[in-house]
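J.: Dumping the structure here so I can ask a few things about it.
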Amino acid sequence: MERTLNLSKVNRMFFEKLIKSHTGKTLPYCYQCGTCSSSCPVAEKMDIKPHEMVEMIKLGLKEALVQCKAIWQCSTCYMCTERCPQGVKLTTVILSIRDIALSEGIAVPESVRESCKNLYDTGRLIALSRFQIGRRAERKLPPMPHINTESVKGMVDKTKAVDLLGGR
Amino acid sequence: MRYGYYAGCYVLARMLQYDLSARNIMKKLNVKIIDMSDAPCCGPAIIKSVDYRLASALSAQILAMTEKRGLGTIVTLCPECFSSFIKVNIGFEEDTEFKKEVNDILSSTAGLNYGGGVEVKHLLQVVYDDIGLKKLNEDYIVKKFRGLKAAVHPGCHFVRPSTSCYPDDPANPRMLDELVESLGIESLYWPLKLWCCGAPTLALDRDLSFELAGKKLISAKASGADCMVTLCPYCQAQFDKYQPMIEKKLDEKFGLPVVLFTQLLGLSMGLSPEEVGLNMNRASSNTILNFIE
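Heads up: the sequence lines are chains A and B, in that order. Sequential numbering from 6 applies to the first sequence in the numbering used here. Sequential numbering from 699 applies to the second sequence in the numbering used here.
Here it is as structure tokens:
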């Protein structure tokens, strides 16, 4: 990653979108102490460290953030959120950056697409194979009840998730 | 005690020993459950990555279904479901616009509306708070362990990010430790106890995921653990099911049994190894039976 920040590509809307949500409204209070990065189990692998992400959000550097690897390396362990002395909910903010990256078609990891497909088709994130259904019976566990998937399909159709399914 | 029981997709499909041991201990503990397995996915992190409102609407639908069935509390096994539900409850309280947005999706797709009042509990809270360790030991425990040393892994989403809705101490969680200690098991200090197991990155970056899990297995083993104890189906899979693959990747041999807290509890309550699904664990969990008095 280029370490000189290019401030000619500032995206004001990006910052405003993130701080408007109830999970992003504490972003402006970050004072760069670095507690998030020192608490993160993945930071050493990240191309943009957690505390750098927050500063880059504040600078409106959207392009670098939506394209970085780090947002997909986050293990969502919430250690940064827990320890942040300024109440920044970085884990959830990272999920929002993923959301922006996906809706702009920048990166769609196959597992995300598959999860959305399972959700749409079965109402569950993990579709049940015939083998697994058989195993439940063997163990005398109640069968998996049928889910009325209509409501779930409706929800997916109403949100951006539908774009990931190849425009159903 | 009467609760909605939501095991979650992962448990229902791939962690049957958790579903089985949980149902069997609840039966013994006279906890009445209404099965909520016909409710859809909770909208975990991977769905939140796609659209936070979609994920929240999924959670809200389950909570609204719970409410509609006249139940005040929903009990989960999976901390990912647990925290998804809590996030909806907190979001509804903090942000009326968010509440309206989610309810608009919910009413137009499922014909439901969620007010925000369903209490969310993990099964560990039912055992620890609602029954209590004292009553548990007096009335239900028939066998104890002796000489078994455990590295307890409370996982991430059961303790973080802490809010008033979270039951345990985020910096020094004790609930799971106290439960296993009450069964005669020694809960060890181990350095990486609070670290993430790596499961959430499994589908995105397998090497990274196994590296995180590997560090924890090394830490647990080095601390002298005879076994690891989990409360999350994803953590359980990470340390147990994938242990052989992690061993191969790191060129290390752990051979460390990894058990769910419901399995230990069930055994102590007199259930058979089959009734807690011990034979469905991968990493030679049967060795823990040698430690039962």
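Glycine is no exception: its CB is placed at the ideal position from the N, C-alpha and C atoms. Fair warning: this is a prediction, and the values are worked out from it, not measured in the lab.
(1) Buried or exposed, going by whether 16 or more other CB atoms sit within 10 Å of the CB of Cys925/B?
(2) Does Leu969/B pass the burial test, meaning 16 or more other C-beta atoms within 10 Å, or should it be called exposed?
(3) May I ask you to list, following chain order, the residues of the stretch 812–844 of chain B that have a beta carbon less than 8 Å from some beta carbon of chain A?
(4) Return the CA-CA distance between Gln759/B and Asp793/B, expressed in angstroms with no decimal places.
(5) So Met160/A and Ile803/B are supposed to be a Cβ contact under 8 Å. How far apart are they, rounded?
(6) Tell me where the beta strand (DSSP E) around Leu958/B begins and ends.
(7) If you reduce the DSSP assignment to three classes, tell me which class Glu973/B lands in.
(8) Run through chain B and tell me which residues come within less than 7 Å of Ile131/A, C-beta to C-beta.
(9) Should Glu884/B be flagged as near chain A, meaning a C-beta pair shorter than 8 Å?
(10) Hey, is Ala142/A's beta-carbon within less than 8 Å of any beta-carbon in chain B?
(11) Any idea if Arg129/A is buried or exposed, counting beta-carbon neighbours within 10 angstroms, 16 or more meaning buried?
(12) Please confirm if Gln934/B has its CB atom under 8 Å from at least one CB of chain A.
(13) Could you give the distance in angstroms between the alpha-carbon of Thr985/B and the alpha-carbon of Leu846/B?
(14) Indicate whether the contact test is met: 3 or more Cβ pairs, each with one atom in the stretch 743–750 of chain B and one in the stretch 760–770 of chain B, closer than 8 Å.
(15) In chain order, what residues of the same chain have a beta carbon less than 6 Å from the beta carbon of Ile76/A, not counting five sequence neighbours either side?
(16) Kindly indicate which residue of Gly92/A, Asp52/A, His151/A has the alpha-carbon position closest to the one of Asp126/A.
(17) Assess contact between the stretch 44–59 of chain A and the stretch 116–123 of chain A, defined as three or more Cβ pairs (one per stretch) separated by less than 8 Å. Is contact present?
(18) Check the Cβ of Asp733/B against every Cβ in chain A and list those closer than 8 Å, keeping chain order.
(19) I'd like the list of long-range same chain contacts for Val729/B, defined as Cβ closer than 6 Å, with 5 residues on each side in sequence excluded.
T.: Walking through what the data contain:
(1) Working through the second sequence from its first residue, we reach residue 925/B at position 227. It counts as buried.
(2) The residue you call residue 969/B lines up with position 271 of the second sequence. So Leu969/B counts as buried.
(3) none
(4) To locate residue 759/B, count along the second sequence from 1; it is residue 61. To locate residue 793/B, count along the second sequence from 1; it is residue 95. Cα-Cα distance, rounded: 18 Å.
(5) Counting from one through the first sequence, the residue named residue 160/A turns up at place 155. Counting from one through the second sequence, the residue named residue 803/B turns up at place 105. Right, their Cβ atoms sit about 6 Å apart.
(6) Within the second sequence, numbered from 1, the residue matching residue 958/B stands at position 260. It spans 956–958 - the beta strand (DSSP E) in which Leu958/B sits, taken as one unbroken run.
(7) As a first step, residue 973/B is located in the second sequence; it is residue number 275 there, counting from the start. Three-state result, Glu973/B: coil.
(8) As a position in the first sequence, residue 131/A is number 126, starting the count at 1. In chain order: Cys707, Tyr708, Ala711, Arg712.
(9) Counted from its first residue, the second sequence places residue 884/B at position 186. No, Glu884/B lies away from the interface with chain A (no Cβ there is under 8 Å from its Cβ).
(10) In the first sequence, residue 142/A corresponds to position 137, counting from 1. It does not; no Cβ of chain B falls within 8 Å.
(11) Counting from 1 along the first sequence, the entry for residue 129/A is found at position 124. The residue is buried, with at least 16 neighbouring Cβ atoms inside 10 Å.
(12) To locate residue 934/B, count along the second sequence from 1; it is residue 236. Answer no: the Cβ-Cβ gap between Gln934/B and chain A never drops below 8 Å.
(13) If you number the second sequence from 1, residue 985/B lands on position 287. If you number the second sequence from 1, residue 846/B lands on position 148. Roughly 10 Å separates the two Cα atoms.
(14) no
(15) Numbered from its first residue, the first sequence carries residue 76/A at position 71. Correct list, in chain order: Ile99, Ile102, Arg103.
(16) Position 121 of the first sequence, counting from 1, holds the residue named residue 126/A. Comparing Cα positions, the closest option is His151/A.
(17) no
(18) Taking the second sequence and counting its residues from 1, one reaches residue 733/B at position 35. Near Asp733/B (Cβ distances below 8 Å), the residues of chain A are Pro147, Pro150.
(19) If you number the second sequence from 1, residue 729/B lands on position 31. The answer, listed in chain order, is Met699.
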